Amino acid sequence: MIKVQNLVKRYGSKCAVDNLGLEVQPGEIFGLLGPNGAGKTTTIRMLTTLCKPDSGTIEIAGHDLRIKRDAVRRLIGVVPQERNLDLELTVQDNLMVYAGLYQLDKRRQRVDACLDLFGLAAERMTQADKLSGGMQRRLLIARALLSQPQILFLDEPTIGLDPQIRRGIWDSIATLRNEGVTIVLTTHYMDEAAVLCNRIGLLSNGRLRMTDTPGNLQISAGSFMVEAPDSNGIKRTLCPDREQAEMVAALLPGALIRPANLEDAFIALTGQEL
Amino acid sequence: MVSINPILHREMLLLRKKTLRLGYLFSTLLFPLLYLFAFGWGLGSKVHLNGTTYVNFLVPGLLAMTAMNNSFNLSAASVGMGRLFSRTMQPILISPVSRFSIVNGYLYAGIIRGMIACTIVAAAALLLFGSSSLPLSLPALAGLLLTMSFFALAGLLAGLLIKDLEDIAVITNFIIMPMAFFSGTFFPLDNMPAALRNSLGLLPLSQANLLLRSHTFSSGTLYALIVLSLLCICCYLAAYTHLHHYQE
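First to last, the protein sequences are chains A and B. Under my numbering, read the first sequence as residues 37 to 310, first letter to last. Under my numbering, read the second sequence as residues 775 to 1022, first letter to last.
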């Protein structure tokens, strides 16, 4: 569905995306995981036609992005990191304007269906700036899905939301996966990536360090983490199995053993903290 | 079914919201109405210029200035703020709507806002000074429409080009406001030094003022119409090209 090869984007002397290559299969949720400044948002901006790569190719649903930008724009929906709603307009008007941009048929019916689907029907006449953060985020997702895109790009979809609302957004994303929508998701929340993504690409300093399933990434770095206090803070050691973890822990006073998580794997594989 | 241009639809929804706010209306119309009351009442019938009363000279100038400010501000603020601050421009840019539709939408929206503001100023002039103060000739109406078109497109271009929100204030303070004073809005350019007069005469608002004070078509009005039309075409093409190649 998405094929990216040798993608490079520079801003002055800084290389925001460095020779990135990836493939996303139809119906897959692909997560781009990395700390702030890793190049996630720049990658999404290039994939969504908002900025042009300095070199490299992007193919979306068979369309070369350099040539068929409008064809790609018809196929994609984008939920940006920032809440770029028209805050002075009502929920309904936000969606109606968007339906106009995509020249959709039966706009009223589509808007009504979207409002029902995302639990926003009761707020249709509410001004967008009066909505809670979680509802604004739901409205952004509803807006992106109004045109029934084949591919949905979600840039940090739950950033700044409380845990209960985050889980509600996760449920909505999981439902979309079940409906066959291909999703590219950027996040720096490990739990989010582990729960939602079929595959994850670890991005660090603009480079894609590794791509695999969440489970395999975790296993490749180690299954158990030994944490022990030392003079510099906490010393962490990843171990491939429990036996080795216990051996390491025996050498470190006050050491604790716990199952390794995706964050541990990310740090071990990229050398960077999230 | 004929559907409304989506950008125009959005801008009209936003404009409807804004016009309900007293502060917005006040800030938009304060200066033209202030000039109308102050200079119109203060000097209106006592001073004569170019064979007519000062108020008959002033009202067409104020209408041209109102058209310029309102058409420019609508598209410059909407596009500039939308790109750099609220980021509401991004959904438009990544939608499949054609770049021509985007340019047309801001053009129409700028014209409509200019018309609304000019209608209010014209209504005030009509009430205070009678219909003789209003420019109702064909060249004047054509000039008003071209003025709104040019400044709406110039505002779109400015909104696309600025790198910082303060740039809008810089353009307004260093280009738009001086142009309002040195394009024959409040006084004729005849008394200016010759070299300066010729340069100022080329400004788009000078052309607009010339048209708004014309009663019939002449070689001068035709020249002004051609200049404003060419400026509109240049701005339209520049805005389209910039949108087509736009990237962040």
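Think of the CB as a built atom: it goes at the ideal place given N, C-alpha and C, for glycine as much as any other residue. Small disclaimer: the values here were computed from a predicted structure and weren't measured.
key: chain A residues whose Cβ lies nearer than 9 angstroms to that of B:P909   = Taking the first residue of the second sequence as position 1, residue 909 of chain B is located at position 135. Simply none; closest approach about 34 angstroms.
request  = Go through its chain and collect everything with a Cβ distance to B:S911's Cβ below 8 angstroms, but skip five positions before and after it.
outcome  = Counting from one through the second sequence, the residue named residue 911 of chain B turns up at place 137. Taken in chain order, the residues that qualify are S988, H989 and T990.
task = Report yes if the CB atom of B:L1024 is closer than 8 angstroms to the CB atom of B:G994, and no otherwise.
result = This structure leaves residue 1024 of chain B out entirely; chain B is present only between 775 and 1022.
ask   = Do the CB positions of A:E192 and A:T222 come within less than 8 angstroms of each other?
value = Along the first sequence, read from residue 1 onward, the residue named residue 192 of chain A stands at position 156. Along the first sequence, read from residue 1 onward, the residue named residue 222 of chain A stands at position 186. Against a cut-off of 8 angstroms, the Cβ pair of A:T222 and A:E192 comes out as a contact.
task = Sort B:R857, B:L974, B:I890 and B:Y1020 by Cα distance to B:T793 and report the nearest one.
result = Within the second sequence, residue 793 of chain B is the residue found at index 19, counting from 1. Of B:R857, B:L974, B:I890 and B:Y1020, the residue nearest in Cα terms is B:I890.
ask   = Which chain B residues sit within Cβ distance under 7 angstroms of A:K142?
value = In the first sequence, the residue the question calls residue 142 of chain A occupies position 106. Within 7 angstroms Cβ-Cβ: nothing; A:K142 doesn't reach chain B, min ~11 angstroms.
ask   = Taking C-beta to C-beta, are A:L182 and A:C150 nearer than 8 angstroms?
value = Within the first sequence, residue 182 of chain A is the residue found at index 146, counting from 1. Within the first sequence, residue 150 of chain A is the residue found at index 114, counting from 1. Yes, the Cβ-Cβ distance between A:L182 and A:C150 is below 8 angstroms.
query = Just how far apart, CA to CA, sit A:Y134 and A:C87?
reply = For the purposes of this step, residue 134 of chain A is taken as residue 98 along the first sequence, with counting starting at 1. For the purposes of this step, residue 87 of chain A is taken as residue 51 along the first sequence, with counting starting at 1. Roughly 21 angstroms separates the two Cα atoms.
message = Below 8 angstroms, how does it come out for the region 917 to 924 of chain B and the region 949 to 964 of chain B: are there three or more Cβ pairs, yes or no?
response = no
request  = Pair every Cβ in the region 47 to 56 of chain A with every Cβ in the region 96 to 108 of chain A, then say whether three or more of these pairs are closer than 8 angstroms.
outcome  = no
request  = Measure the CB-CB distance between A:N297 and A:M246 and report whether it falls below 8 angstroms.
outcome  = The sequence position of residue 297 of chain A within the first sequence is 261, counting from 1. The sequence position of residue 246 of chain A within the first sequence is 210, counting from 1. Cβ distance not < 8 angstroms, so A:N297 and A:M246 don't count as in contact.
task = Flag A:R174 as yes when its Cβ comes closer than 7 angstroms to any non-hydrogen atom of the ligand COA, and as no otherwise.
result = Ligands in the displayed structure: none, and consequently the ligand COA is not present.
query = Along chain B, which residues have their Cβ under 8 angstroms away from the Cβ of A:K88?
reply = In the first sequence, counting from the first residue as 1, residue 88 of chain A sits at position 52. Within chain B, the residues near A:K88 are Q1021.
task = Could you have a look at B:C1006 and say whether DSSP puts it in helix, strand or coil?
result = In the second sequence, counting from the first residue as 1, residue 1006 of chain B sits at position 232. Helix at B:C1006.
DSSP three-state assignment for B:Q864, whether helix, strand or coil = Residue mapping note: residue 864 of chain B aligns to position 90 of the second sequence, counting from 1. Helix, per DSSP.
ask   = According to DSSP, is A:G67 helix, strand or coil?
value = For this step, residue 67 of chain A is matched to residue 31 along the first sequence. The answer is strand: DSSP assigns A:G67 an E or B state.
request  = Hey, could you find the ends of the alpha helix (DSSP H) B:Y1020 is sitting in?
outcome  = If you number the second sequence from 1, residue 1020 of chain B lands on position 246. Per DSSP, B:Y1020 belongs to no alpha helix (DSSP H) and is neither H nor E.
ask   = Where does B:H783 fall in DSSP's three states?
value = In the second sequence, residue 783 of chain B corresponds to position 9, counting from 1. Helix.
request  = Report the three-state DSSP secondary structure of A:G98 (helix, strand or coil).
outcome  = Walking along the first sequence from the start, residue 98 of chain A turns up at place 62. If DSSP states are grouped into helix, strand and coil, A:G98 belongs with coil.
request  = Run the CB neighbour count on A:E215, radius 10 Å, all protein chains shown included, and call it buried at 16 or more, exposed below.
outcome  = Start at 1 with the first residue of the first sequence, and residue 215 of chain A comes out as number 179. Answer is exposed; the Cβ neighbour count stays below 16.
key: Three-way DSSP call (helix, strand, coil) for B:G929 in this model   = Working through the second sequence from its first residue, we reach residue 929 of chain B at position 155. Residue state, collapsed to three classes: helix.
Limits of the unbroken alpha helix (DSSP H) element including A:K76 = Working through the first sequence from its first residue, we reach residue 76 of chain A at position 40. First-last of the alpha helix (DSSP H) with A:K76: K76 to L83.
DSSP beta-bridge partners of A:I219 = Within the first sequence, residue 219 of chain A is the residue found at index 183, counting from 1. Per DSSP, A:I65 and A:L188.
message = Would A:L274 and A:A304 qualify as a contact pair, given that the criterion is a beta-carbon distance under 8 angstroms?
response = In the first sequence, the residue the question calls residue 274 of chain A occupies position 238. In the first sequence, the residue the question calls residue 304 of chain A occupies position 268. Yes, the pair counts as a contact, with Cβ atoms nearer than the cut-off.
ask   = Comparing the C-beta of B:Q864 with each C-beta of chain A, is any distance below 8 angstroms?
value = Walking along the second sequence from the start, residue 864 of chain B turns up at place 90. B:Q864 counts as touching chain A.
ask   = Of the choices B:A998, B:M966, B:T827 and B:S845, whose alpha-carbon is the least far from that of B:L927?
value = Here residue 927 of chain B corresponds to residue number 153 of the second sequence, with the count starting at 1. That would be B:S845, whose Cα lies nearest to the Cα of B:L927.
key: Spatial distance of A:G290 from A:I201 (CA atoms)   = Position 254 of the first sequence, counting from 1, holds the residue named residue 290 of chain A. Position 165 of the first sequence, counting from 1, holds the residue named residue 201 of chain A. Near 37 angstroms, if we compare the C-alpha coordinates of A:I201 and A:G290.
Cβ-Cβ distance between A:L153 and A:E159 below 8 angstroms = On the first sequence, residue 153 of chain A is found 117 positions in, with the first residue counted as 1. On the first sequence, residue 159 of chain A is found 123 positions in, with the first residue counted as 1. Not a contact, by the Cβ cut-off of 8 angstroms.
key: Within-8 angstroms CB hit, B:L939 to chain A   = Within the second sequence, numbered from 1, the residue matching residue 939 of chain B stands at position 165. No - not a single Cβ of chain A is within 8 angstroms of the one on B:L939.
ask   = So what's B:Y997 in DSSP terms, helix, strand or just coil?
value = By 1-based counting over the second sequence, the position of residue 997 of chain B is 223. Helix, per DSSP.
ask   = Nearest to A:R73 by alpha carbon, out of A:G63, A:K50, A:L232 and A:S91?
value = Translated into positions along the first sequence, residue 73 of chain A becomes position 37. Strictly speaking, residue 73 of chain A in this sequence is Gly, with Arg absent from that position. Here the closest residue by C-alpha is A:K50.
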